[in-house]
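Here the protein sequences come in this chain order: Y and R. So for the first sequence, the numbering used here puts the first residue at 2; every next one is plus one. So for the second sequence, the numbering used here puts the first residue at 230; every next one is plus one. This report concerns only the one structure given below.
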Amino acid sequence: MRVHQGTNTRGCRSPHFASALALLCAAGAQATGSPIPHGTLELVAENQWIAIGRPFYLGLHFQLEKGWHIYWVNPGDSGEPPRVTWQMPPGLSPGAIEWPAPQRLGTSSIVDFGYEDAVTLIVPVHAEINLAAQPLAQLGAEIRVLVCREICVPGRTQLSLTLPIKSQPPAPDLRTQDLFAAARKEMPRPAPQNCKFSIDDAKDSFVLSANFGSQITQATFFPFAELQIDNSAPQTLQPLATGFRLTVRKSDRLLKPVERLKGVIVLTGNQAYLIDAPVSGRRAQKNKSGYGSDDKPSSKEGPE
Amino acid sequence: MKCSPLYSMLMTVVICAAALLVAAAKVGAPAPDFTATASNGKSFRLYDYRGKYVVLEWHNNGCPYVGKHYNSGNMQRLQKQWTARGVVWFTIISSAPGKQGYVTASEENEYLAKMQATPTAALLDPTGEIGHLYEAKTSPQMVVINPQGVVVYDGAIDDKPTTDLSDIALATNYVSLALEQAMAGKKVETPATRPYGCSVKYPDSTH
């Protein structure tokens, strides 16, 4: 699962790449998580208190028994992603979950997208400027999660976290710094300026081409939206001198043409980039479902 | 489809491969034929039901998504409602022996009785042959076939991909919607969705 690190992606290395390291001894006693089926789940905050008027981050840290997995925002062929219902005091509003890059799970006719072992989902929270200071604000989250191996077990758990709300600037919580640093390493990043993606419609497939300035020998695409690609079909990589070309089979259930593909391209375990590119070069011939070239953009793309 | 011995070896391979590719079920295309033995011991062939609407329901009694629709009585209601209107309803069990959801004929009959489920028949597909023919990914995946033998719906049972019983009341049922629209001579508005649920427990050796 490794490409030739250090040589092949030089032109595109993110500036964040090297920074998230060496916090091995920072954490003190880590609180243990609440039980979920075949694992534990913990709600953590990056900072010691909520600073009025400043956004902050919460983390949902899943620790799973060996062989068990949970799902990405697009779970693939089966399963479902974790769902969170927040309970927060007025003036605090949680944003959308930031999902680390997933992996392909399964090798047969059914392939899912998700995480094994451990994963931290990050949630940004907006703290209003007129928030009142208080010593102990209670944040709650009800989480529904499906945990699978060969079989699936649904779980539901209620987590809570108590944090002061202060007018002072935030201070990091040393107990959780390494967790957040590690989680951010797994997050897909915007592609650097010098990297260009393009996507062509090739009848039964999408062809993703990337100009990275150097050869890439491994790449996997994960679309945010369901029903765009044939999840279980092997993705065919053609390394190019300046990047790669990846052929991804379309879903049989794709009845309307796709205007844009949005998703994550994973080059190695810790190099993942966001893609949001128009699908071009569609053949003049109409596809089987009778939709022509004047199709409307789909409203169901991207994570919700 | 057979490959003629008149063709060269290469041509034979190409034609057979093409035949396999078009054999899978697709919305708007003819539903592939199959013959299966039901838990009641009878044999059922899909093509014998031309002229009727047919619903295929992929089933696994250990799957929590299936449990949602059976423990709530939702699946039984649908079976009763639509078979009363002349629809043929096949529950299909594609779990391999030793895997979750695999049942013997008598175990399935006990399950149907206990759950008061009344499909036309529960078809046993332990080799996964029918499942693969329809590229069934999950239980409960649902397929609706019209009287002309064309697949008019393939996907989820409804628009709430969860295991929560309370979501059923809030859900739009895609199977009922497809049947109602097709029976009214209308175009099925949502002919394909992601079939949520547990992965179908095929034998390990199949791909």
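From the three backbone atoms N, C-alpha and C, an ideal C-beta is built for every residue, glycine too.
Identify the contact partners of residue i in chain Y, using a Cβ-Cβ distance below 9 Å as the criterion.
{"i": "residue 299 of chain R", "result": "The contacting residues do not exist; residue 299 of chain R stays about 15 Å from chain Y at best."}
{"i": "residue 259 of chain R", "result": "Per Cβ cutoff of 9 Å: no residues; residue 259 of chain R is ~14 Å from chain Y at best."}
{"i": "residue 431 of chain R", "result": "109, 110 and 111"}
{"i": "residue 367 of chain R", "result": "78, 79, 80 and 111"}
Taking the C-alpha atoms as reference points, what is the distance between residue i and residue j?
{"i": "residue 265 of chain R", "j": "residue 352 of chain R", "result": "6 Å"}
{"i": "residue 104 of chain Y", "j": "residue 258 of chain R", "result": "33 Å"}
{"i": "residue 165 of chain Y", "j": "residue 187 of chain Y", "result": "29 Å"}
{"i": "residue 389 of chain R", "j": "residue 279 of chain R", "result": "31 Å"}
{"i": "residue 416 of chain R", "j": "residue 407 of chain R", "result": "9 Å"}
{"i": "residue 260 of chain Y", "j": "residue 234 of chain Y", "result": "21 Å"}
{"i": "residue 392 of chain R", "j": "residue 293 of chain R", "result": "6 Å"}
{"i": "residue 297 of chain Y", "j": "residue 202 of chain Y", "result": "Low local confidence applies: a pLDDT of 39 at residue 297 of chain Y is under 50, so the model's placement there is unreliable, and no value is given."}
{"i": "residue 174 of chain Y", "j": "residue 91 of chain Y", "result": "23 Å"}
{"i": "residue 214 of chain Y", "j": "residue 192 of chain Y", "result": "13 Å"}
{"i": "residue 143 of chain Y", "j": "residue 64 of chain Y", "result": "17 Å"}
{"i": "residue 261 of chain R", "j": "residue 152 of chain Y", "result": "29 Å"}
{"i": "residue 127 of chain Y", "j": "residue 227 of chain Y", "result": "29 Å"}
{"i": "residue 38 of chain Y", "j": "residue 269 of chain R", "result": "36 Å"}
{"i": "residue 66 of chain Y", "j": "residue 413 of chain R", "result": "51 Å"}
{"i": "residue 169 of chain Y", "j": "residue 129 of chain Y", "result": "14 Å"}
{"i": "residue 395 of chain R", "j": "residue 258 of chain Y", "result": "34 Å"}
{"i": "residue 328 of chain R", "j": "residue 81 of chain Y", "result": "21 Å"}
{"i": "residue 190 of chain Y", "j": "residue 274 of chain Y", "result": "5 Å"}
{"i": "residue 341 of chain R", "j": "residue 271 of chain R", "result": "16 Å"}
{"i": "residue 303 of chain Y", "j": "residue 295 of chain R", "result": "Reliability fails at residue 303 of chain Y, whose pLDDT of 40 lies under 50, so the model's placement of it is uncertain and no value is given."}
{"i": "residue 219 of chain Y", "j": "residue 249 of chain Y", "result": "14 Å"}
{"i": "residue 276 of chain R", "j": "residue 89 of chain Y", "result": "57 Å"}
{"i": "residue 23 of chain Y", "j": "residue 269 of chain Y", "result": "Bear in mind that the predicted position of residue 23 of chain Y carries a pLDDT of just 31, short of 50, making it unreliable; the figure below should be weighed with that in mind. Roughly 20 Å separates the two Cα atoms."}
{"i": "residue 177 of chain Y", "j": "residue 229 of chain Y", "result": "37 Å"}
{"i": "residue 336 of chain R", "j": "residue 251 of chain Y", "result": "39 Å"}
According to the Cβ coordinates, are residue i and residue j closer than 7 Å?
{"i": "residue 171 of chain Y", "j": "residue 84 of chain Y", "result": "no"}
{"i": "residue 102 of chain Y", "j": "residue 200 of chain Y", "result": "no"}
{"i": "residue 316 of chain R", "j": "residue 284 of chain R", "result": "yes"}
{"i": "residue 217 of chain Y", "j": "residue 245 of chain Y", "result": "yes"}
{"i": "residue 86 of chain Y", "j": "residue 184 of chain Y", "result": "no"}
{"i": "residue 267 of chain Y", "j": "residue 221 of chain Y", "result": "yes"}
{"i": "residue 427 of chain R", "j": "residue 281 of chain Y", "result": "no"}
{"i": "residue 58 of chain Y", "j": "residue 125 of chain Y", "result": "yes"}
{"i": "residue 155 of chain Y", "j": "residue 113 of chain Y", "result": "no"}
{"i": "residue 241 of chain Y", "j": "residue 247 of chain Y", "result": "no"}
{"i": "residue 180 of chain Y", "j": "residue 44 of chain Y", "result": "no"}
{"i": "residue 223 of chain Y", "j": "residue 265 of chain Y", "result": "yes"}
{"i": "residue 140 of chain Y", "j": "residue 35 of chain Y", "result": "no"}
{"i": "residue 68 of chain Y", "j": "residue 150 of chain Y", "result": "yes"}
{"i": "residue 99 of chain Y", "j": "residue 71 of chain Y", "result": "no"}
{"i": "residue 305 of chain R", "j": "residue 346 of chain R", "result": "yes"}
{"i": "residue 243 of chain Y", "j": "residue 212 of chain Y", "result": "yes"}
Using a Cβ-Cβ distance cut-off of 7 Å, determine whether residue i contacts chain B.
{"i": "residue 79 of chain Y", "result": "Looking at the structure shown, chain B is missing, and the protein chains on hand are Y and R."}
Just to make sure I have the definition right: I need the residues of chain Y whose C-beta is within less than 8 Å of the C-beta of residue i. Which are they?
{"i": "residue 291 of chain R", "result": "152"}
{"i": "residue 329 of chain R", "result": "151 and 152"}
{"i": "residue 361 of chain R", "result": "110"}
{"i": "residue 384 of chain R", "result": "254"}
Just the chain Y side, please: which residues come within less than 7 Å of residue i by C-beta, in chain order?
{"i": "residue 428 of chain R", "result": "78, 79 and 111"}
Can you pull the chain R neighbours of residue i, defined as C-beta to C-beta under 7 Å?
{"i": "residue 250 of chain Y", "result": "Within chain R, no residue comes near residue 250 of chain Y; the closest Cβ sits about 12 Å away, beyond 7 Å."}
{"i": "residue 56 of chain Y", "result": "Within chain R, no residue comes near residue 56 of chain Y; the closest Cβ sits about 30 Å away, beyond 7 Å."}
{"i": "residue 155 of chain Y", "result": "293 and 392"}
Compare the C-alpha of residue i against each of the options and name the closest.
{"i": "residue 50 of chain Y", "options": "Y:193, Y:242 and Y:138", "result": "Y:138"}
{"i": "residue 370 of chain R", "options": "R:356, R:421 and R:332", "result": "R:421"}
{"i": "residue 349 of chain R", "options": "R:293, R:267, R:260 and R:261", "result": "R:267"}
{"i": "residue 324 of chain R", "options": "R:354, R:342 and R:312", "result": "R:354"}
{"i": "residue 282 of chain R", "options": "R:423, R:263, R:382 and R:326", "result": "R:382"}
{"i": "residue 326 of chain R", "options": "R:387, R:418, R:356 and R:385", "result": "R:356"}
{"i": "residue 343 of chain R", "options": "R:300, R:410 and R:322", "result": "R:300"}
{"i": "residue 411 of chain R", "options": "R:380, R:429 and R:384", "result": "R:380"}
{"i": "residue 405 of chain R", "options": "R:310, R:297 and R:302", "result": "R:310"}
{"i": "residue 182 of chain Y", "options": "Y:41, Y:46 and Y:42", "result": "Y:46"}
{"i": "residue 148 of chain Y", "options": "Y:263, Y:272, Y:262 and Y:41", "result": "Y:41"}
{"i": "residue 419 of chain R", "options": "Y:116, Y:232, Y:73 and Y:255", "result": "Y:255"}
{"i": "residue 231 of chain Y", "options": "R:423, R:337, R:385 and R:321", "result": "R:423"}
{"i": "residue 314 of chain R", "options": "R:429, R:430, R:409 and R:331", "result": "R:409"}
{"i": "residue 119 of chain Y", "options": "Y:48, Y:61 and Y:205", "result": "Y:61"}
So which residues of chain R does residue i contact, with C-beta pairs closer than 8 Å?
{"i": "residue 256 of chain Y", "result": "256, 420 and 421"}
{"i": "residue 228 of chain Y", "result": "421, 422 and 423"}
With respect to 6 Å, is the separation between the Cβ of residue i and the closest non-hydrogen atom of the ligand FAD below this value?
{"i": "residue 339 of chain R", "result": "Summarising the ligand content, the structure contains no ligands, and the ligand FAD is consequently not present."}
Cβ closer than 9 Å: which chain R residues qualify as neighbours of residue i?
{"i": "residue 117 of chain Y", "result": "Simply none; closest approach about 15 Å."}
### Query
Okay, do the segment 382–401 of chain R and the segment 343–361 of chain R touch, 3+ Cβ pairs below 8 Å being the bar?
Counting Cβ pairs under 8 Å, fewer than three are found: no touch.
### Query
Does the count of Cβ pairs from the segment 286–298 of chain R and the segment 363–376 of chain R closer than 8 Å reach three?
Flag = yes, the segment 286–298 of chain R and the segment 363–376 of chain R touch.
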